[in-house]
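In the working numbering, the protein residues as written are 951 to 1371.
All C-beta atoms in this analysis are idealised placements derived from N, C-alpha and C, irrespective of residue type, glycine included.
Since this is a predicted model, take the numbers as computed values, not measurements.
Structure record follows, encoded as structure tokens.
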Amino acid sequence: MSSDFVFRSANLQSDLETLCTFGGRFAGSDSEAKARDFLKARLAQATSRHVDIHRVPYNGWSRDSWALKLLAPAPLTLHSHPLVRSPSTPPEGIEAEVVDLGRGTLEDFEAHGYEIAGRFVLVRHEYMFSTTHIHRRVKYGWAKERGAAGFLIASHIPDDIVVTGSSGGEDIPALGITHEGAEVLARGDASFPRIHLTVKTRTGSATAENLIAEMPGQTDEWVVVCAHYDGHDLAQSAIDNATGVAAALTVAETFVPMAATLRRGLRVIFFTIEEWGLLGSRAYVDELNEAERRKITLVINLDSLVGGSKLTALTSEFEELNAFVDHCARKSGTSIATHPPMMANSDHYNFARHGIPALRLVSGFNEPDSDLGYLLTAGDTLDRINKDQLTAATKIAASMVHEACTHQGIIARHKEKKARV
């Protein structure tokens, strides 16, 4: 493979910038629709193939209005943002005390379980890409199980930056707040701060669209390259995940001249409603029959490719993928770390739980001070993208795809389906 392999396309940066001009691409919004229309045309152009539309019915949701006010010990309006799929409160709102559980580990919940029922639970958002991360939806579930009146999660970044994300359910109101807001509500003396919350949201039937283009190879086997194009409405969702989509387009464009000569075909998929609990990819993989799943040799999910000092492949408990990644890194003269445990943090997971070898390429793993800390906040903007980093990450992805498409043997064995986390 020549050193200029990835540069068959000159559109990497312009694709990134175009996606960011549409805004955060929140599912069901005009921003997402504009990005989808752009990507339909752009993917067809990049692959010289027809783009198939995979429609996914889902329960739509949007924010109308909300307010979070501290009542005691002193009145104060707190900056907040409803988490995705938070239910509305009654029109008059909810008034209750707040119990601060710090980080919000299971031990924290168990130690203060007697204080939770009927109160709002306050926990802290964590840097998402680490070996010790506890997902927000897990903490939300613990709060619901213990009878909490509502759920508050505070940003780990100062400077009045609110955090968002999905709550994973529709049972109790859930809001992201700022680091400073958490300090106001933090556990102090024996008393509990009292707050008043009103949230008005809208729900209804909706349909999302995954976009798929295929470039067949010499066999009926496939390598899947995927990236999610939806995001959140606080910023431009630049790192998460305009970087992955732009890189996937470049990989696709690169392979057009050679696709028919390769052992395996390349299937490019742009998923949506990923930020709602991986719903788009879940529907896609669930609807494949077993024979179709078995024809997928490897899935390479591109999600959040810049912002840290290195790339890591999350290899989903497929031991052979660690060796494959190491081989690709040596062949391309670079370094790629691996993290073997299953992580249900992006679309690769839905393939892996069906036993399909799948990995995610991500930047900043175990680098809590990296720009990946700004994901799910107003800080995920185009100006944080290092162009050289994105080019380097895309070259690595293209090299890995090329190796997967040309490899003569089994890359990794399929496994039995697992229960969904």
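Straight-line gap, residue i to residue j (C-alpha atoms, nearest Å)
i, j, result
"Trp1172", "Thr1247", "6 Å"
"Leu1255", "Thr1344", "8 Å"
"Ile1103", "Val1048", "12 Å"
"Ala1046", "Ile1306", "46 Å"
"His1146", "Leu1021", "7 Å"
"Ile1111", "Asp1058", "25 Å"
"Gly1126", "Ser998", "43 Å"
"Leu1033", "Pro1123", "8 Å"
"Gly1323", "Asp1170", "41 Å"
"Gly1091", "Val1149", "20 Å"
"Thr1081", "Thr1055", "14 Å"
"Phe1274", "Leu1026", "55 Å"
"Asp987", "Ser1320", "32 Å"
"Asp954", "Ile1044", "Unreliable placement is indicated for Asp954, whose pLDDT of 40 sits below 50; the coordinate value is still reported in the next sentence. Going by the C-alpha atoms only, they are around 59 Å apart."
"Asn961", "Gly1359", "33 Å"
"Ala1067", "Arg1096", "6 Å"
"Glu1076", "Ile1084", "7 Å"
"Phe1101", "Val1071", "5 Å"
"Leu1212", "Asn1239", "25 Å"
"Trp1011", "Ser979", "10 Å"
"Arg1152", "Asp1014", "7 Å"
"Gly1167", "His1364", "20 Å"
"Gln995", "His1277", "32 Å"
"Ile1361", "Val1175", "15 Å"
"Ser1105", "Arg1053", "11 Å"
"Pro1318", "Tyr1064", "33 Å"
"Gly1154", "Pro1007", "11 Å"
"Met1208", "Leu1216", "11 Å"
"Tyr1299", "Met1293", "7 Å"
"His1129", "Ile1107", "6 Å"
"Cys970", "Asn1191", "10 Å"
"Arg1087", "Phe1142", "24 Å"
"Ala1061", "Lys1089", "14 Å"
"Arg1303", "Arg1144", "43 Å"
"Pro1290", "Glu1269", "7 Å"
"Arg1074", "Ala1185", "21 Å"
"Leu1311", "Ala1342", "13 Å"
"Thr1204", "Asp1183", "31 Å"
Distance between beta carbons of residue j and residue i, contact taken as under 8 Å
i, j, result
"Leu1309", "Thr1265", "5 Å"
"Phe1301", "Val1249", "4 Å"
"Glu982", "Arg975", "5 Å"
"Ala1024", "Arg1069", "Rounded, the Cβ-Cβ distance is 19 Å, inconsistent with contact."
"Thr1114", "Leu1326", "5 Å"
"Ala1188", "Arg1334", "6 Å"
"Phe1220", "Gly1258", "Phe1220 to Gly1258, Cβ: 23 Å. No contact."
"Met1078", "Asn1251", "Wrong, their Cβ atoms sit about 15 Å apart, outside the cutoff."
"Ile1346", "Ala977", "Incorrect: roughly 29 Å between the Cβ atoms, too far for contact."
"Ser1117", "Ser1036", "5 Å"
"Leu966", "Ala1196", "4 Å"
"Asp1050", "Lys1094", "No, Asp1050 and Lys1094 are not in contact; Cβ-Cβ is about 18 Å, not under 8 Å."
"Glu1225", "Asp1180", "6 Å"
"Asp1253", "His1178", "7 Å"
"Leu1028", "Thr1193", "The Cβ separation is near 32 Å, so there is no contact."
"Ser1282", "Lys1260", "Rounded, the Cβ-Cβ distance is 14 Å, inconsistent with contact."
Counterpart residues of residue i in DSSP-defined beta bridges
i, result
"Tyr1234", "DSSP lists no partner for Tyr1234."
"Pro1023", "According to DSSP, which records beta bridges pairwise, Pro1023 is partnered with nothing at all."
"Thr1288", "Ala1263"
"Ile1084", "For Ile1084, which the question treats as bridged, DSSP gives no partner whatsoever."
"Arg1144", "Ala1022, Glu1047"
"Ser1155", "Asn1009"
"Pro1040", "DSSP lists no partner for Pro1040."
"Arg1053", "Beta-bridge pairing links Arg1053 to no other residue."
"Leu1102", "Leu1072, Leu1125"
"Arg1303", "In the DSSP output, where bridge partners are listed per residue, Arg1303 has none listed."
"Ala1196", "Bridge partners of Ala1196: none, in fact."
"Glu1164", "Arg1217"
"Phe1315", "DSSP output for Phe1315 lists no bridge partner at all."
"Arg1310", "Asn1251, Leu1264"
"Val1149", "Trp1016"
"Ser1030", "Ile1127"
"Trp1172", "Gly1215, Ile1246"
"Ala1177", "Phe1220"
"Ser1116", "Val1034"
"His1004", "Asn1160"
Is it a yes or a no for the segment 1136-1143 touching the segment 1339-1355, going by three-plus beta-carbon pairs under 8 Å?
Fewer than three Cβ pairs drawn from the segment 1136-1143 and the segment 1339-1355 lie within less than 8 Å of each other, which leaves the two stretches out of contact.
Do the segment 1001-1009 and the segment 1157-1174 touch if we need at least three Cβ pairs shorter than 8 Å?
Contact holds: three or more Cβ-Cβ distances are below 8 Å.
For the structure I just gave you, are there three or more beta carbon pairs, one from the segment 1258-1272 and one from the segment 1236-1246, closer than 8 Å?
Contact fails between the segment 1258-1272 and the segment 1236-1246, because fewer than three Cβ pairs, one in each stretch, are under 8 Å apart.
In chain order, each alpha helix (DSSP H) run of at least 4 residues that lies wholly inside the segment 958-993:
Correct list: 962-971.
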